[in-house]
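Student:
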Amino acid sequence: MSKPLLSVSGLGISTVQDPRSLVNSVSFEIMPGEAVGVVGESGSGKTLTALSILGLLPRGVAVAGGSIVFNDIDLTKADPETMRNLRGSDISMVYQDPMTALNPVYTIGFQIIETLRNHFDMGPTQAHARALELL
Numbered sequence: 000m001s002k003p004l005l006s007v008s009g010l011g012i013s014t015v016q017d018p019r020s021l022v023n024s025v026s027f028e029i030m031p032g033e034a035v036g037v038v039g040e041s042g043s044g045k046t047l048t049a050l051s052i053l054g055l056l057p058r059g060v061a062v063a064g065g066s067i068v069f070n071d072i073d074l075t076k077a078d079p080e081t082m083r084n085l086r087g088s089d090i091s092m093v094y095q096d097p098m099t100a101l102n103p104v105y106t107i108g109f110q111i112i113e114t115l116r117n118h119f120d121m122g123p124t125q126a127h128a129r130a131l132e133l134l
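Everything in the sequence shown is counted per numbering that gives the first Met the number 0, starting at 0 for the first residue and increasing by one.
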């Protein structure tokens, strides 16, 4: 029997100044090869839950309890370099609204090249060629 790829257990999220819960006791597991969609009303904590998994909660908001384990790594205790290495290559988030997913100041090509160079050992020429393939 395989173990979960991602295990979120008793996740609580709150603001730093006010300990009242924004997200309270969220738990779920995702097995390798499994696809999971998160559904809920606006303001129910879907985005905060996903951002906590990625270690990208906004300033003043923090994980207040529980655990987030991805591939045997407790993401709530992972250092910034570990999180940076995981984001985009091993774990990422697909936003519902494309207007918030890409920066309108930069071309799509630039943003793809930047991602390839940050997460894969590619030089500018190789990243440019790969971005053209992907597009």
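Ideal Cβ placement from N, Cα and C applies to all residues, glycine included.
1) Taking buried to mean at least 16 other C-beta atoms within 10 Å of its own C-beta, is alanine 148 buried or exposed?
2) If glycine 11 sits next to serine 20, beta carbons under 8 Å apart, how far is it from one beta carbon to the other, in whole angstroms?
3) Spatial neighbours of threonine 14 within its chain, please: CB distance less than 6 Å, with the 5 preceding and 5 following residues excluded, ordered by chain position.
4) Identify the continuous beta strand (DSSP E) that holds isoleucine 29 and give its terminal residues.
5) With DSSP as the reference, label leucine 10 as helix, strand or coil.
6) Would you give the residue range spanned by the alpha helix (DSSP H) that isoleucine 112 belongs to?
7) Using the C-alpha atoms, what's the distance from proline 103 back to valine 22?
8) Could you check how far apart the C-beta atoms of asparagine 90 and phenylalanine 119 are, in whole angstroms? I think they sit under 8 Å.
9) Can you give the Cα-Cα distance for alanine 77 and lysine 45, rounded to whole angstroms?
10) Whole-angstrom Cβ separation of isoleucine 111 and leucine 85, contact assumed at under 8 Å?
11) Just tell me which of Gln95, Thr114, Glu80, Leu4 has its CA closest to the CA of serine 41.
Tutor: Short version:
1) A question about residue 148 goes unanswered here, because the residues of the chain that appear run from 0 up to 134.
2) In the sequence shown, counting from the first residue as 1, residue 11 sits at position 12. In the sequence shown, counting from the first residue as 1, residue 20 sits at position 21. Indeed they touch by this definition, with Cβ atoms about 6 Å apart.
3) Translated into the one-based positions of the sequence shown, residue 14 becomes position 15. Cβ-Cβ distances below 6 Å link threonine 14 to Gly59, Val60 in the same chain, with the five nearest sequence neighbours on each side left out; the list follows chain order.
4) Here residue 29 refers to the residue found at position 30 of the sequence shown. Here the beta strand (DSSP E) through isoleucine 29 covers 20-29.
5) On the sequence shown, residue 10 is found 11 positions in, with the first residue counted as 1. Shown here, leucine 10 sits in a strand according to DSSP, grouped into three states.
6) Your numbering for residue 112 matches position 113 in the sequence shown. Going by DSSP, isoleucine 112 is part of the alpha helix (DSSP H) stretching over 107-118.
7) Residue numbering aside, residue 22 sits at position 23 when the sequence shown is read from its first letter. Residue numbering aside, residue 103 sits at position 104 when the sequence shown is read from its first letter. Each residue's alpha carbon lies about 31 Å from the other.
8) Within the sequence shown, the letter at position 91 stands for residue 90. Within the sequence shown, the letter at position 120 stands for residue 119. Residue 90 is actually isoleucine in this sequence, not asparagine. Incorrect: roughly 15 Å between the Cβ atoms, too far for contact.
9) To locate residue 77, count along the sequence shown from 1; it is residue 78. To locate residue 45, count along the sequence shown from 1; it is residue 46. Between the alpha carbons of alanine 77 and lysine 45 lies a distance of about 22 Å.
10) By 1-based counting over the sequence shown, the position of residue 111 is 112. By 1-based counting over the sequence shown, the position of residue 85 is 86. Taking C-beta atoms under 8 Å as the contact rule, isoleucine 111 and leucine 85 fail to qualify, at a distance of about 19 Å.
11) Stepping through the sequence shown from its first residue, residue 41 is reached at position 42. Measuring C-alpha to C-alpha distances from serine 41 to each of Gln95, Thr114, Glu80, Leu4 identifies Gln95 as the nearest.
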